[in-house]
Every structure is written in C-alpha cells, then in structure tokens.
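Have a look at the structure below before the remarks.
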Amino acid sequence: MQSQSNPIYPVLWQDNQVLLINQTLLPNQYEVVKINSYQDMAKAIKTMIVRGAPAIGIAAAYGLYLGARDIKIQERETFFKELEIIAEELRQTRPTAVNLFWAISRMLKTVSETAGTVEDIKQILLKTAQEIQAEDLETCQKMGDNGLLVLPPEPQKLTLLTHCNAGALATAGYGTALGVIRSAWTAGRLERVYADETRPRLQGAKLTAWECVQEGIPVTVISDNMAAHCMQKRLIHAVFVGADRIAANGDTANKIGTYGLAVISQMHNVPFFVVAPLSTIDFELANGDLIPIEERHPSEIYQVGETRLCPDGVDYYNPAFDVTPANLIKAIITEKGVVKPSELLTLKG
Numbered sequence: 001m002q003s004q005s006n007p008i009y010p011v012l013w014q015d016n017q018v019l020l021i022n023q024t025l026l027p028n029q030y031e032v033v034k035i036n037s038y039q040d041m042a043k044a045i046k047t048m049i050v051r052g053a054p055a056i057g058i059a060a061a062y063g064l065y066l067g068a069r070d071i072k073i074q075e076r077e078t079f080f081k082e083l084e085i086i087a088e089e090l091r092q093t094r095p096t097a098v099n100l101f102w103a104i105s106r107m108l109k110t111v112s113e114t115a116g117t118v119e120d121i122k123q124i125l126l127k128t129a130q131e132i133q134a135e136d137l138e139t140c141q142k143m144g145d146n147g148l149l150v151l152p153p154e155p156q157k158l159t160l161l162t163h164c165n166a167g168a169l170a171t172a173g174y175g176t177a178l179g180v181i182r183s184a185w186t187a188g189r190l191e192r193v194y195a196d197e198t199r200p201r202l203q204g205a206k207l208t209a210w211e212c213v214q215e216g217i218p219v220t221v222i223s224d225n226m227a228a229h230c231m232q233k234r235l236i237h238a239v240f241v242g243a244d245r246i247a248a249n250g251d252t253a254n255k256i257g258t259y260g261l262a263v264i265s266q267m268h269n270v271p272f273f274v275v276a277p278l279s280t281i282d283f284e285l286a287n288g289d290l291i292p293i294e295e296r297h298p299s300e301i302y303q304v305g306e307t308r309l310c311p312d313g314v315d316y317y318n319p320a321f322d323v324t325p326a327n328l329i330k331a332i333i334t335e336k337g338v339v340k341p342s343e344l345l346t347l348k349g
C-alpha cells in the first residue's frame, strides 16, 4: 500500500464563507480566495479560480446559498423570484459543464419542496450545498474503486495517461479520472502517470502534476502532441479522462484535445475510459452534437503569462471542449459501476 498525504479540498465552507483554492496561480503560488457573495462566486467560476465540472457544481450550490442569504425579502414568492435571478447569473458562467446546472436545479428543487419561512429555506439551501459536496467526495471514492475493476490483471504495474485535470482540484477532493489513478497508486498497481500538459491553459502540467507531487505519485508531463509517440513506444497501458457533459448515447464533452487522444488510443489499441459521476450525464441530450461548446478568450492561445507567443494580425479559434464519440470509449466509470456507453440509459434513475 502506498502512503497518502493530506487531502486537497478546492471548495471549503468555513466561518460562514466559501474558501476556494485559486487554481489560476498553481503550481507557483498557493492562495485561498474568500467568497462571500454570489457575484464573487460567479466571477470565480467564470475566471477558472475554481474549475472542473463537479467542483463547479459544488461552488455554484454554495453561490446560490450566498445569494439567498443576502436577500432581505421575507415574502416567499418574491424571494423565489429573486433567487431565480441569482440562479440564472450562475448558470451563465460556464455553459458546457452540466454539473453546474444539475447542482442549481437540485438547490431550486429543495426550495420548492421546503415549507416554512424564508429563513428556514435559507438554512435548507446551505444544508443541501453541504450534502452535494459530501456526496461528491463519496462518489469519487466509489469511482476510484470501480476503476480498479477495468485495470489489467496483476502482477503488472501500469503506466496510465490522463488529460487536463480530473483530480481533487476538479471535484470535492478525490477526483474522477485522477481518482482512479489515485486508487491504482494506493493499491500498488501504478508505476507512473503520464499527464498531457493540456493546452492552452496547461491544467495537466500545472494542476494534475501538482496533485501528483503532493502525494508522491510518479508523474511525467508530456506535451499534448507527444501522446501518439508514447503509445507507439508502448509506454501507455490505458487512458483515463474526466467529462464535463455526457449525452445519453455516451458521446462525451471534455477538455479540448480529448477527442484526438481517443482517436490515437483506438489506433494503438490502448483502452480509453471516461470517469464521471451520474450528475455529469445529461439524459435530456440524445447525442454529443447537442452539447454547447464554450469558446474562451483568444489570449489563452496567444500568450502565456505576460509572454506573447503569436504575431499581431492573426485570427484565433479557442473552443474549451471537444466531443468524443461514444464508439471511441471502451467504458464509462460511474459511482454505480462500469458500463459501455450504449448502456448508459440503464443507470438513469
């Protein structure tokens, strides 16, 4: 068994406020941002101080509570209208991550089902946000255990590749894809993790690598265009990625570059797995063509820090996500078990 370090919690409720690890500064600087209003939370989500679909959902749930806390109206119907305005502002922050919408919907459903005063409703909202956070941590640990079931049999130790960051920083504190890798490390099955740097925001190089270093997990960072070479040289046994939204047929939206990774995985007979909680599955969308793809500011491409990479006068295209077709995914690992993409509907509650 491998030793474990202190857990990483990117979203924390403490002293009547939300504490966020500022992921835009890692790995060079560790900073905690204090959030006391829904406006501050919306800004934190939009600017990627907090990121990763499950973590965004948790942050949005707390953001909705913070907004509710500041509403001074005591009449229920007027309170509900004010709360919906706050919810809509939070929804607009990141359009692709379905956990954001799922968490807000759950919070509003709790409101509609709660009798009592406005103050009673506010307390229930806080309790629900805390439940969402606790459930996500438990869910991630279950996915980590379920992911062990798809690994090749012992005694082989494995080298696994992941893209972007789907770890503790992207969830309540354990991870989806990186959660499986954590579980493999704890079980003594992991030799090394390869982390795609994940252009343009470098979440793999900055965040996944940072998490691995914190826990002593051997990690090798590669540029995104090295993955095919590594597979050709038989350095990779399997690929595990997270998801921001999964359609009912198994098509999966994840950080830009995931689709290309799935294509080359199939070419080299490397199994490609998606790890995501049920809250990431959008059963209302028939396929991935219907998933909205967020486009971000071109500065993410043309500069790194204060250094400009591109000449003036060029155009940019900066989609934050792409969609991997279900036929490229060997299996989807959830808290309820491992299923083929075509079997997703069997998990619908």
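So the sequence shown is numbered by full-length UniProt numbering: it starts at 1 and just counts up by one. Don't be surprised by glycine CBs; every beta carbon is placed ideally from N, CA and C. Predicted, not measured: the structure shown is a model, and the values here were computed from it.
Residues of its chain near residue i, where Cβ-Cβ distance is below 7 Å and the 5 sequence neighbours each way are ignored
i, result
"ASP70", "SER37"
"HIS163", "ASP196, THR198, GLY204, VAL241, LYS255, GLY257, THR258 and LEU261"
"ARG76", "VAL118"
"LYS340", "ALA331"
"residue 420", "Nothing can be reported for residue 420: it is not among the residues displayed for the chain, which extend from 1 to 349."
"LEU285", "ALA247, ALA248 and ILE291"
"ASN327", "none"
"GLU211", "ILE8, GLY167, ALA168, LEU169 and LEU178"
"GLY144", "TYR174, GLY179, VAL180, ARG182 and SER183"
"ARG296", "ASN318 and ALA320"
"GLY337", "ASN146"
Residue range of the beta strand (DSSP E) that includes residue i
i, result
"ARG245", "245-247"
"LEU19", "17-21"
"GLN14", "11-14"
"LEU219", "Going by the sequence as given, residue 219 is Val instead of Leu. Segment 219-222, the beta strand (DSSP E) holding VAL219."
"LEU207", "Segment: none, LEU207 is in no beta strand (DSSP E) and carries neither H nor E."
"LYS34", "32-35"
"GLU191", "190-196"
"LEU161", "158-162"
"THR252", "252-255"
"ALA238", "238-241"
Cutoff 8 Å; reference residue i; Cβ partners in own chain excluding five residues on either side
i, result
"MET1", "In this prediction, MET1 has a pLDDT of 31, which is less than 50 and means its spatial position is unreliable; what the coordinates show is noted afterwards. Counting only Cβ-Cβ distances below 8 Å, and skipping sequence neighbours, we find THR186, ALA187 and GLY188."
"GLU154", "ARG189"
"LEU100", "ILE45, ALA53, ILE56, GLY57, ALA60, LEU90, ARG91, THR93 and ARG94"
"LEU158", "LEU151, PRO152, ALA184, ARG189, LEU190, GLU191, HIS237 and ALA238"
"LEU83", "LEU64, GLY67, ALA68, ILE71, LEU108 and VAL111"
CB-CB length for residue i against residue j, believed under 8 Å
i, j, result
"LEU149", "ALA184", "Contact flag wrong, Cβ pair sits at about 11 Å."
"ARG245", "THR96", "6 Å"
"residue 436", "ILE45", "An answer regarding residue 436 cannot be provided, because it is not within the stretch 1 to 349 covered by the chain."
"VAL118", "GLN156", "VAL118 to GLN156, Cβ: 59 Å. No contact."
"ILE132", "ALA103", "6 Å"
"residue 375", "ALA55", "Outside the displayed range of the chain (1 to 349) lies residue 375, so it cannot be described from this structure."
"LEU26", "LYS206", "6 Å"
"GLY288", "ALA247", "5 Å"
"LEU20", "ALA60", "Actually they are not in contact, since the Cβ atoms of LEU20 and ALA60 sit about 12 Å apart, beyond 8 Å."
"ILE264", "ALA227", "6 Å"
"residue 416", "LYS142", "The first residue shown for the chain is 1 and the last is 349, placing residue 416 beyond what the model contains."
"GLY250", "ILE329", "6 Å"
Nonlocal neighbours in the same chain, by C-beta distance under 6 Å from residue i, ignoring five residues either side
i, result
"SER3", "Any answer about SER3 is weak, because its pLDDT of 39 lies below 50 and its placement is not dependable; what the coordinates show is given next. Hits under 6 Å: none found."
"VAL18", "ILE35 and TYR62"
"HIS268", "MET231"
"PRO7", "GLY173"
"GLU294", "PRO95, THR96 and ALA320"
"ILE301", "PRO200, TYR316 and ASN318"
"ALA243", "THR252, ASN254, VAL274, ALA276 and THR280"
Continuous alpha helix (DSSP H) stretch holding residue i: start and end
i, result
"VAL180", "177-186"
"GLN232", "227-232"
Checklist entry - How do the stretch 244-263 and the stretch 113-123 stand: do at least 3 beta-carbon pairs fall below 8 Å, yes or no? => result Touching, no, given that fewer than three Cβ pairs across the two stretches are closer than 8 Å.
- Along the chain, which unbroken stretches of the beta strand (DSSP E) at least 3 residues long are found entirely within the stretch 261-338? The stretch 261-338 contains these whole beta strand (DSSP E) runs: 272-275, 321-324 and 331-334.
Check: Within the chosen definition, does the stretch 182-194 reach the stretch 213-232 through at least 3 CB pairs nearer than 8 Å?
Finding: As far as the Cβ criterion goes, the stretch 182-194 touches the stretch 213-232, which means the pair count is three or higher.
- Message: Taking contact to mean 3 or more Cβ pairs, one atom from each stretch, closer than 8 Å, check whether the stretch 267-277 and the stretch 174-185 are in contact.
- Response: With a cut-off of 8 Å, the stretch 174-185 and the stretch 267-277 count as touching, because enough Cβ pairs lie within range.
*asked:* Count Cβ pairs between the stretch 228-238 and the stretch 297-305 that sit closer than 8 Å; are there 3 or more?
replied: The stretch 228-238 makes no contact with the stretch 297-305; the number of CB pairs closer than 8 Å stays below 3.
Does the stretch 125-143 come into contact with the stretch 312-329, if we say contact requires no fewer than three beta-carbon pairs (one atom in each stretch) closer than 8 Å?
The stretch 125-143 vs the stretch 312-329: no contact.
Can at least three beta-carbon pairs, one atom from the stretch 44-61 and one from the stretch 156-171, be found at a separation below 8 Å?
Counting Cβ pairs under 8 Å, three or more are found: they touch.
Sequence ranges, alpha helix (DSSP H) only - wholly within the stretch 97-145, length at least 4
For the stretch 97-145, whole alpha helix (DSSP H) runs of length 4 or above, ordered along the chain, are 98-112.
| alpha helix (DSSP H) runs contained entirely in the stretch 42-105, provided each spans 4 or more residues | Within the stretch 42-105, the complete alpha helix (DSSP H) runs of at least 4 residues fall at 53-69 and 76-91.
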